[in-house]
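No gaps in the numbering here: position 134 of the sequence shown is 134 in UniProt numbering, and each next residue is one more. Below is one structure, written out as structure tokens, with a few remarks after it.
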Amino acid sequence: MKAVVWHGEGDIRLDTVDDPTIQQPTDAIVQITRSAICGTDLHFIRGTMSGMAEGTILGHEAVGVVTEVGSAVRRFSPGDRVLICSTMSCGACRNCRRGLTAQCDVANPNGPLAGTCFFGGPQPTGPVDGLQAEYVRVPWAVNTLIPLPENVSDDAAILLSDIFPTAWFGAELAGVNRGDTVAVLGAGVVGQFAIASAFRQGAGRVIAVDGLRSRLDIALGQHAEVIDFNAEDPVPAILESTQGIGVDAVIDAVGVDAQRPWAGPAKRAGDEQAEQFDAERSQVAPQTNVQGENWVPGNAPSQALQWAVSAVAKGGRLGVIGVYPPAMTSFPIGEAMNKNLIVKLGNCNHHTVTPPLLDIVATGLVDPTALITQQEPLTSAVEAYESFDRREEGWLKTELTVG
Ligand SMILES: NC(=O)c1ccc[n+]([C@@H]2O[C@H](COP(=O)([O-])OP(=O)(O)OC[C@H]3O[C@@H](n4cnc5c(N)ncnc54)[C@H](O)[C@@H]3O)[C@@H](O)[C@H]2O)c1
Ligand SMILES: [Zn+2]
Ligand SMILES: [Zn+2]
Numbered sequence: 001m002k003a004v005v006w007h008g009e010g011d012i013r014l015d016t017v018d019d020p021t022i023q024q025p026t027d028a029i030v031q032i033t034r035s036a037i038c039g040t041d042l043h044f045i046r047g048t049m050s051g052m053a054e055g056t057i058l059g060h061e062a063v064g065v066v067t068e069v070g071s072a073v074r075r076f077s078p079g080d081r082v083l084i085c086s087t088m089s090c091g092a093c094r095n096c097r098r099g100l101t102a103q104c105d106v107a108n109p110n111g112p113l114a115g116t117c118f119f120g121g122p123q124p125t126g127p128v129d130g131l132q133a134e135y136v137r138v139p140w141a142v143n144t145l146i147p148l149p150e151n152v153s154d155d156a157a158i159l160l161s162d163i164f165p166t167a168w169f170g171a172e173l174a175g176v177n178r179g180d181t182v183a184v185l186g187a188g189v190v191g192q193f194a195i196a197s198a199f200r201q202g203a204g205r206v207i208a209v210d211g212l213r214s215r216l217d218i219a220l221g222q223h224a225e226v227i228d229f230n231a232e233d234p235v236p237a238i239l240e241s242t243q244g245i246g247v248d249a250v251i252d253a254v255g256v257d258a259q260r261p262w263a264g265p266a267k268r269a270g271d272e273q274a275e276q277f278d279a280e281r282s283q284v285a286p287q288t289n290v291q292g293e294n295w296v297p298g299n300a301p302s303q304a305l306q307w308a309v310s311a312v313a314k315g316g317r318l319g320v321i322g323v324y325p326p327a328m329t330s331f332p333i334g335e336a337m338n339k340n341l342i343v344k345l346g347n348c349n350h351h352t353v354t355p356p357l358l359d360i361v362a363t364g365l366v367d368p369t370a371l372i373t374q375q376e377p378l379t380s381a382v383e384a385y386e387s388f389d390r391r392e393e394g395w396l397k398t399e400l401t402v403g
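This is the structure we're talking about:
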């Protein structure tokens, strides 16, 4: 079968690999019909999330049809249309049973202390071959798969594999309350769904911050108030629009590939911290492979975290869903301490967060297809990765059609 395979930083290929087979009674095999490229995948190729094993199939977002189930999979049978959650969970351990499925004690083959197990990630996450492929082995299928109702199309479902639930979870981490003013840092597709989620969870105002005008225009389309960090300094701009108080909550939808302003009034402050940012970058990305404009790691890993802490009100809340690797150690803890902030973060508990969102999509209240800007065949995935990585105008979210 065809699959997108990680060979090294800056080196991914469409390879022909063996079809997957059932290895455990808890496995299922799914024939993929739709997959997608995520901002998380970019961290692995830029090198800002290290530890990938050569030969790992990439991707952790997909929809498909079950073709085979192991003897312990009592919930699904061949022919079922399913959504594949990005993270795997056993359904039986103490953490799964309290809804903390991203911290399942059993799914990660590296043991209970190894953290979240997800498809197509670095060695400490499994590694489990990913979903940018024609077929996939789904471990712990009972919990990792979600049945899809007939009235939700594959195109509507694909962003429920990771993006919408992660953003919803981010708004929950940020403790969005009725009437809150919420800042969403990053207007990538996760940020866009964070805006939608914050409004649906009761936010009175949502302020979106990014440096890409085309993405801010999409945020404006959702009636977020937008701040271009290359035109305005986001922290004073947020303070000014909140009577000097700051926002009630911030959702960080940027992560480790954060950039600092390359123009405008905030550029100088970022440049003054260049040395610190460079040190952070070398710490998180010991190995990189920049090729022209491709696979360039973000030049300010802690920039979004700094802005989050500075722009939030005293006693405010931070929900961090932008991914930071274990190697990242910088966070402005002193300023956060001095403001009595509440900071919550982590990988989405897909198995427990997603089902109600499926209902929201099924009823048409949210149409995720509106945010799919590209539809490419799996065979063009490498070129699609390159365009998305360069943040080419209009490339917000790429869906891959398979088969
Ligand atoms: N926690 C989870 O479960 C989970 C799941 C999915 C994705 N993620 C993470 O969410 C993040 C966003 O994903 P995406 O697919 O939208 O990625 P993306 O790369 O498309 O979007 C990131 C956006 O952040 C913007 N940005 C860069 N520096 C910034 C700064 N200093 N301030 C504000 N914005 C800045 C970029 O211009 C870009 O638009 C990634 O880190 C990804 O790994 C986390
Ligand atoms: Zn993803
Ligand atoms: Zn478990």
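Beta carbons are placed, not taken as given, at the ideal position from N, Cα and C, and that holds for glycine.
Take the alpha-carbon of Arg74 and the one of Ala92: they are about 14 Å apart.
For Gly316, the enclosing beta strand (DSSP E) covers residues Val312 to Val320. Under the DSSP assignment, Lys267 falls in the alpha helix (DSSP H) whose first and last residues are Lys267 to Glu272. Glu61 counts as buried, since at least 16 other C-beta atoms from the protein chains shown sit within 10 angstroms of its C-beta. The beta carbons of Leu185 and Val235 sit no closer together than 8 Å. In the three-state reduction of the DSSP assignment, Pro377 falls in the strand class, which pools E and B.
DSSP places Trp6 in the strand class (E or B) of the three-state scheme.
The criterion of a C-beta distance shorter than 8 Å is not satisfied by Gly221 and Ala194. Counting along the chain, Gly64 sits inside no alpha helix (DSSP H); it lies in the beta strand (DSSP E) bounded by residues Ala62 to Val69. One alpha carbon belongs to Ile32, the other to Gln23, and they sit about 18 Å apart. Ile360: member of the alpha helix (DSSP H) spanning His350 to Ala362, first to last residue. When DSSP assignments are scanned along the stretch 197-254, the uninterrupted stretches of beta strand (DSSP E) that are 3 or more residues long and fall wholly within it turn out to be 205-210, 225-228 and 247-252. Trp295 has its alpha-carbon roughly 25 Å from the corresponding atom of Asp217. Every residue whose Cβ sits closer than 5 Å to any heavy atom of ligand 3 is listed here in chain order: Ser89, Cys90, Cys93, Cys96, Cys104 and Val106. The beta-carbon separation of Asn143 and Ser89, rounded to 5 Å, stays under the 8 Å limit for a contact. A contact is defined here as three or more CB-CB pairs under 8 Å, and the stretch 128-135 meets this definition with respect to the stretch 49-65.
In summary, Lys397 is buried, with 16 or more beta-carbon neighbours lying within 10 Å of its beta-carbon over all protein chains present. Relative to Glu383, the option among Arg13, Glu9 and His7 whose CA is nearest is Arg13.
DSSP places Leu160 within a helical segment (H, G or I) once states are collapsed to three. In the three-state scheme derived from DSSP, where H, G and I count as helix and E and B as strand, Val142 is classed as helix. Here DSSP, grouped into helix, strand and coil, assigns Ser35 to strand. Put simply, the backbone Cα of Gly79 is about 40 Å away from that of Ser214. At least one heavy atom of ligand 1 lies closer than 7 Å to the C-beta of Trp307. Linking Gly204 to Thr40 through their CA atoms gives a straight-line distance of about 29 Å.
Listed in chain order, the non-local C-beta contacts of Pro139 below 6 Å within the same chain comprise Asp27 and Met88, local neighbours out to five positions each way being set aside.
At a cut-off of 7 Å, the beta-carbon of Gln273 does not count as near ligand 1: no heavy atom of the ligand is closer than that. Taking Thr67 as the centre and dropping the five residues before and after it, the same chain places the C-beta of Ile29, Gln31 and Pro78 closer than 6 Å to its C-beta, in chain order. DSSP places Gln291 in the strand class (E or B) of the three-state scheme.
With at least 16 other beta carbons inside 10 angstroms of its own, Ala208 counts as buried.
The beta carbons of Ala237 and Ile251 sit no closer together than 8 Å. In the DSSP annotation of this structure, the continuous segment of the alpha helix (DSSP H) that includes Ala336 starts and ends at Ile333 to Asn338. Ranked by Cα distance from Arg97, the first of Asn349, Lys339, Ile321 and Ala224 is Asn349. Looking at the DSSP output, Glu399 sits in a beta bridge with Ala36 and Gln375.
Secondary structure note for Arg97: its alpha helix (DSSP H) is the uninterrupted segment Arg94 to Arg97. In terms of CA proximity to Asp271, Arg260 leads the group Arg260, Ala279, Glu280 and Arg281. Counting only residues of its own chain and dropping the five nearest sequence neighbours on each side, Val309 has a CB closer than 6 Å to the CB of Pro332, Glu335 and Ala336.
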